[in-house]
Each structure stands twice: as C-alpha cells, then as structure tokens.
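Peer 1:
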Amino acid sequence: MSIDVSGVSKRYGDFVALDNINLTLPTGQLTALLGPSGGGKTTLLRIIAGLETPDGGSVVIEGNDATRLPVQKRNVGFVFQHYAAFKHLSVARNVAFGLEIRKRSKADVKAKVEELLALVHLSQFADRLPSQLSGGQRQRMALARALAIEPTVLLLDEPFGALDAKVRKELRDWLRRLHDEVHVTTVFVTHDQEEALEVADEIVVINEGRVEQVGTPDQLYDQPANDFVMGFLGEVTTVGDVRVRPHDVEVAVAPGVPGAVTGTVRRMLRIGFEVRISVATEGDAPDVTVVMTRTHARQLELAEGTRVWLTPAAGATTMAAARDAVPA
Amino acid sequence: MSVQIEEVRPAPTRRTPTHDLTRTSGIGLGVTMTWFSLLVLIPLAAVVTTAAAGGWGGFWRAVSNDQTAAAIRLTVTAAFGVTAVNVVIGTVIAWVLVRDRFPGKGMLELVIDIPFALPTIVAGLVLASLYGNDSPLGLNLVNSGWSVYLAFLFVTLPFVVRTVQPVLEELDQEIEEAAASLGASRFTTFRRIILPALTPAIAAGAALSFARAMGEYGSLVLLSGNLPFTSEVTSVRILSAIENDNRATAAAIATLLLLISLLVIVVLDVIQRRVASRG
Chain A
1 MSIDVSGVSK RYGDFVALDN INLTLPTGQL TALLGPSGGG KTTLLRIIAG
51 LETPDGGSVV IEGNDATRLP VQKRNVGFVF QHYAAFKHLS VARNVAFGLE
101 IRKRSKADVK AKVEELLALV HLSQFADRLP SQLSGGQRQR MALARALAIE
151 PTVLLLDEPF GALDAKVRKE LRDWLRRLHD EVHVTTVFVT HDQEEALEVA
201 DEIVVINEGR VEQVGTPDQL YDQPANDFVM GFLGEVTTVG DVRVRPHDVE
251 VAVAPGVPGA VTGTVRRMLR IGFEVRISVA TEGDAPDVTV VMTRTHARQL
301 ELAEGTRVWL TPAAGATTMA AARDAVPA
Chain B
1001 MSVQIEEVRP APTRRTPTHD LTRTSGIGLG VTMTWFSLLV LIPLAAVVTT
1051 AAAGGWGGFW RAVSNDQTAA AIRLTVTAAF GVTAVNVVIG TVIAWVLVRD
1101 RFPGKGMLEL VIDIPFALPT IVAGLVLASL YGNDSPLGLN LVNSGWSVYL
1151 AFLFVTLPFV VRTVQPVLEE LDQEIEEAAA SLGASRFTTF RRIILPALTP
1201 AIAAGAALSF ARAMGEYGSL VLLSGNLPFT SEVTSVRILS AIENDNRATA
1251 AAIATLLLLI SLLVIVVLDV IQRRVASRG
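The listed protein sequences correspond, in order, to chains A and B.
The first sequence begins at 1 in our numbering and counts up one residue at a time.
The second sequence begins at 1001 in our numbering and counts up one residue at a time.
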C-alpha cells in the first residue's frame, strides 16, 4: 500500500479541518480527493506532502513513516493550482531545478529534462520564460518539474482549477493518458465531480473534515453511501419520499401508474438536447426537477400546465428522503 | 481615449514612431519634457558647462586638490559601505516586517520612515545627543570619519526596506513550497528563488541609498566637525568653494559626483540583470 493515513486530525483554532482521517491509497493508482471547498481535502493533500503538520495521527509512504519528515525528504511531486512557476527561470531550468538540487551530472539533467519536456509536449518551449506560456502549458511545465525528481507519489492540488473549461477538459484526458504511461501513484484534489468521475481510478469523498465514502467512480455513482455523496456526485430531486436523479424520473401523462406522484408542469427549460422540467406537486413539497431529451418531451406532448404522474424509474439509484437511510 | 482616435484613422500600414502620438499622449510627453528640462537637464547642463569652462586642466586641478580628493574619497567610500550594509540589513528588516508577526509591528512600520520624515538637521541633533560628547553610550564619534558613516546609515535606512517590502509581499509563498517539495533547503530556496525575485528592488533601493549618501549634508555637519582630511565630505567642500567664490571648483566637484552616481546606477542595473536571470 503506497500511502497510509491513519488517525490524522488538523485544527485551525476552533475550525476542525480534518477529523480522524483513516485512508489507504494503493500504489500506482490515480485517486481523486473530491469534496466541497473548505471540506479539508487540500489540507489532507498538504499533510501527505509534508507542507502541513497534522495535530495527530501518522502518514506512511511506501512503508516509511513520513509523519515527521520535512517536505524536502519525502520525495513527493507537488503541483499547485496556480502553477507556482519559477518566473525568472526558463521552462527547461524550471524542470531541471529538482535534479540540480540532487546534484545530478549536467548530461543527466539535460537528458532527463529533454525526455520530460517531450512527455508534456513542451520541447519547443524549452527556452521560454513561464510568463510566455499559456495557463495550460504552465501547468504541464509544473507537472514535468514535479515528475523530474521521480517522486514516490505525485500530488496535485486542484491542478486544472485556474484554467478555462476547454483547456481543462483537454488536460484532464491528457493527465489520464499520462498516468497510464508513467504509473506513478497519483492523488489529485478537485471539487468538480465530473473531473473526478472521468479521470480517477478511485474517489475519496471528503466533507467537513471527514471521509464520506471511498470507492470507484461506478460504486460512488450507483451506490452512494449517503445523501451527501449522492447529492455531490450529481443532481438529486425528491419524488414523494424517494430521492432520485432527475433523469431517472418516469413521466406519465395519464393516471394509472401505482404509487405515482401527481403534479403540474410549471416551467420547461430547453438546454441543448435536454429539457429541464419543474413539476409542482400537491402539498408544500418543493418542485420536482425532471430531465429528459427534447424528443421524449415532444413525444409526451409536454407543455407548461400539463398534468403529469411521476415515478422513479425501475433500476434507478434511489434513496429514502430521510437522512441516514440505506441505499435501495 | 486613444481607442476612439484609432477608430477614425485608417490603420496605417507602416508606422513611424514619431507620428504615433495621440493628442493626449503628445501633451503628456510635452509636459514631461518641459518639466524635466527645467528642473533637471538645464541645471545639470549648466553645472557641467561651468565645470568645463576651465578646460580639462582646470577640472583636474579642482578635483585633485589634496583636500578635495580626501573629501571625495571619504564620501564615496562611506556611500559604498553604507549601501552595502543597507542591502543586507534593509532586506532583513523588510523580511521581518513582511513574514513575521510580533507585537509592536505596526509601530516599527511607522518608525522605519522617521529618517525620511525628519529634517536632516534634526537627525544630526538626535545623533549628536546619542553619539556626541556627552554620549550615554560612551561612544564619542564627534569630529571623526565614523560620524559620516553614522549619519549616512541613519538617513538611508528606509530606502532598501521600502523598495523590497512590497515585492516581498507580492511573492507567492507557493513558489517556496514548490522549491521545498523539489528538495531545496531554506537557504537554497532563498538564494535561487527568492533572491533573484528581490534583486531588482534591492538594486533600486541601493541606488537611492547611494545617491542620497553622496549628497548628504544636513545630518552630518553637527557631528562630523567638517575637519579637512578626516571628516569633511564633498557637499561641505562644494559649499566652502562657493563661499570662497570659487564656482568653477564647486561645479567640477559636482560634475565628478554626478559621473560617479551615474556609473553606480548603471553598474547596479547590470548586476541586477545578471542576478535576476541567474537563479
């Protein structure tokens, strides 16, 4: 097991950032720490790196107790959200930094830097300054710099957070492919569930300083451990006393479905191929949100004011509306 | 404003820089040049002309006079020494002010600027009371060359602090963490990452500090006693030349000071560029 975190806690004054975290991350995997801002995921990553000291507990990296080791001695690669580029050094010298510290021979450094710049597709920018690169290029440089020291683990803190949507998506795919090539144990922090679901082998959901659930993207999406995980991984709506995803709600335009919730279409919003429908139900329950394709909505001849009967679709991930319920 | 004018004009295919000014920037440049000429260029030219009036021989005689040469030696050495001290101490003070939290930090912030705010003659009085004849510290520097160093140190203290401080505040701490994660010790991180980022600011502060020391008068006259060959500085020498109605000598010394200051600023800039890109 590559990274073993046991009993780690961290407080900042009265604020509990991490509360007794126990976690084991296997070697060679790409793991996402997913959760809302301020939930403690970045603190955990920084504790693993040695940039932050835990109040209690221990961190073991590849069998070595690293709890008391300073960051310099942990041999971790760390990538920051805002690149943390050495502005006065060229791209090549940024990448070479860790190797020069390790007193490698000039020829070694040169060869390794060339290899890494090729890996991150920045060979032609070797002599540029970081300020002459785009955000995505800068982050690839930061990644090459972190990989240069052949780290035991690679840690990335919201690595794509500062980039625009398109570059973000490209880099995400690219990180996945890079990991398949390099196979270094990688942990990255993100608050974007789509990013986590798409890239990670395993996701750790962290909220309010606690681990809510650990599992593969499929496990988390299909069998959320609780309301929070279900809500964080995708949109959720409540039909009667069942929580379900909006695209898993069956809509009938005639009565006769057993257990159906009756309602009236209040609003229809067309976004690209899908239609988002708000259905007002009887009583003071909040509106039910339903998502379906345009074609489906047209087939049902839905319009504002249409009476509908709603049921959770068969086989959908559902959860009783009350908290602490077991998933169906 | 320039955008509007650009829209009306057809985009010129070839731009000559002299015709590239909009009306506002034209006026701005005009005001700048007039102001600069009236206050700096014309007076400087006048001094250089006066100095040159006696020819090379006259100039050389004026500055190589034993007493004058001693004053120049003292002033330049002291200015260099004090600047070197400021580069180190000023950076340390700026570091403490930016990175450390301690009670009384706000007070210290305020006190740093006192040498700027105080009339220099008052500064001289302050120094004389502490390092003068009745020194409570038992340190009598009156009438010695060291008094010149002391006065220079006092008046130039804030320069490096105040130029380095904002740059240090802007410096992203993540950069230091990145260096540490790559294995760099605190010292290596300072030398290879922080120092290159601070160098332009340190050089600017050093240039200001040196220039100020070269021209200092008020704060040292009370303390130094202006003794020829021991504690007389160039500004005092210039004053006595003028009092003796020897304007050509005054101008010659002034011109030499000007050249030295210019040289130091250029050298500092060269050093700064080298260090900033070395890493």
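All C-beta atoms, glycine included, are put in the ideal place defined by N, C-alpha and C.
1. Taking the alpha-carbon positions, what's the A:Met292 to A:Met268 distance?
2. Is the region 1186–1206 of chain B touching the region 1218–1228 of chain B in the sense that three or more CB pairs, one from each, lie closer than 8 Å?
3. Compare the beta carbon distance of A:Val249 and A:Leu310 with 8 Å and say whether it is the shorter of the two.
4. Looking only at its chain, what residues have a beta carbon closer than 6 Å to the beta carbon of B:Ala1213, apart from the 5 residues adjacent to it on each side?
5. Please state whether DSSP places A:Tyr12 in a helix, a strand or coil.
6. Using the DSSP secondary-structure output, state which residues sit across from B:Leu1074 in a beta bridge.
7. In its own chain, which residues sit with a C-beta less than 6 Å from the C-beta of A:Val261, not counting the 5 before and 5 after it?
8. Starting from the C-beta of A:Arg104, find all residues in its chain whose C-beta is less than 8 Å away, skip the five residues before and the five after it, and write them out in chain order.
9. Quick check on A:Asp157: buried or exposed, where buried means 16 or more other Cβ atoms within 10 Å of its Cβ?
10. What are the residues in the region 209–220 of chain A lying within 8 Å of chain B by C-beta distance?
11. Looking at A:Pro246: is its Cβ nearer than 8 Å to the Cβ of A:Val275?
12. Which residues in chain B sit within 9 Å of A:Ala49, going by Cβ to Cβ distance?
13. For the region 9–62 of chain A, list the alpha helix (DSSP H) runs that are entirely contained and at least 4 residues long, ordered along the chain.
14. Apply the 10 Å Cβ neighbour rule to A:Lys166 and answer buried if 16 or more other Cβ atoms are within range, or exposed otherwise.
15. If you draw a straight line from the alpha carbon of B:Pro1010 to that of B:Met1033, how long is it in whole angstroms?
16. Tell me A:Asn64's beta-bridge partners as DSSP assigns them.
17. Which residues in chain B have a C-beta closer than 8 Å to the C-beta of A:Ile3? List them in chain order.
18. Can you confirm whether A:Gln193, when its beta carbon is compared against all beta carbons of chain B, has any partner nearer than 8 Å?
19. For B:Glu1174, go through chain A and note every residue whose CB falls closer than 7 Å to its CB, in chain order.
20. Tell me where the alpha helix (DSSP H) around A:Glu158 begins and ends.
21. Are the beta-carbon atoms belonging to B:Phe1154 and B:Pro1200 less than 8 Å from one another?
22. My parser needs the beta strand (DSSP E) runs of 3 or more residues fully inside the region 237–283 of chain A; what are they?
23. Quick one, are the C-beta atoms of A:Val76 and A:Pro151 less than 8 Å apart?
24. Grab me the residues of B:Pro1137's own chain with a C-beta within less than 8 Å of its C-beta, minus the 5 sequence neighbours each way, in chain order.
25. Shortest alpha-carbon distance to A:Glu235 belongs to which of A:Ala252, A:Arg270 and A:Gln193?
26. Using the Cα positions of A:Glu304 and A:Pro258, report the straight-line distance between them to the nearest angstrom.
27. Using a Cβ distance threshold of 8 Å, determine whether the region 1254–1266 of chain B contacts the region 1091–1110 of chain B, with at least three qualifying pairs required.
28. Cβ closer than 8 Å: which chain A residues qualify as neighbours of B:Pro1196?
29. Out of curiosity, what's the CA-to-CA distance linking B:Thr1230 and A:Met141?
30. Using 8 Å as the threshold, is the C-beta distance between B:Thr1075 and B:Val1233 below it?
31. Distance cutoff 8 Å, beta carbons only. Does B:Ala1184 sit that close to anything in chain A?
32. Is it true that the CB of B:Ile1202 sits closer than 8 Å to the CB of B:Thr1068?
33. In whole angstroms, what separates the C-alpha of B:Leu1171 from that of B:Val1098?
34. Can you name the residues that DSSP bridges to B:Leu1258?
35. Measure from the C-beta of A:Gln72 to each C-beta in chain B and report whether the shortest distance is under 8 Å.
36. Using a Cβ-Cβ cut-off of less than 7 Å, list which residues of the region 94–106 of chain A approach chain B; keep chain order.
Peer 2: Well, looking at it:
1. 11 Å
2. no
3. yes
4. Ala1079, Val1082, Phe1152 and Thr1156
5. strand
6. Beta-bridge partners assigned by DSSP to B:Leu1074: none are found.
7. Val239, Gly240, Thr281 and Leu310
8. Closer than 8 Å at the Cβ level, and outside the excluded window around A:Arg104, lie Lys112.
9. buried
10. Within the region 209–220 of chain A, no residue qualifies.
11. no
12. Glu1177 and Ser1181
13. 41–49
14. exposed
15. Low local confidence applies: a pLDDT of 48 at B:Pro1010 is under 50, so the model's placement there is unreliable, with the coordinate-based value given in what follows. Rounded to the nearest angstrom, the two C-alpha atoms are 29 Å apart.
16. A:Ile61
17. None at all; the shortest Cβ gap to chain B is about 15 Å.
18. no
19. Phe80, His82 and Ala84
20. Per DSSP, A:Glu158 lies in no alpha helix (DSSP H) segment and is marked neither H nor E.
21. no
22. 237–239, 242–244, 249–252, 261–271 and 274–281
23. yes
24. At residue 1137 of chain B the sequence reads Leu, which differs from the Pro that was named. Cβ neighbours of B:Leu1137 beyond the five flanking positions: Leu1130 and Tyr1131.
25. A:Gln193
26. In this structure, the alpha-carbon of A:Glu304 lies about 24 Å from that of A:Pro258.
27. no
28. His88
29. 59 Å
30. Between B:Thr1075 and B:Val1233, the gap from beta carbon to beta carbon is short of 8 Å.
31. Closer than 8 Å: yes.
32. no
33. 10 Å
34. In the DSSP output, where bridge partners are listed per residue, B:Leu1258 has none listed.
35. yes
36. Phe97, Gly98, Ile101 and Arg102
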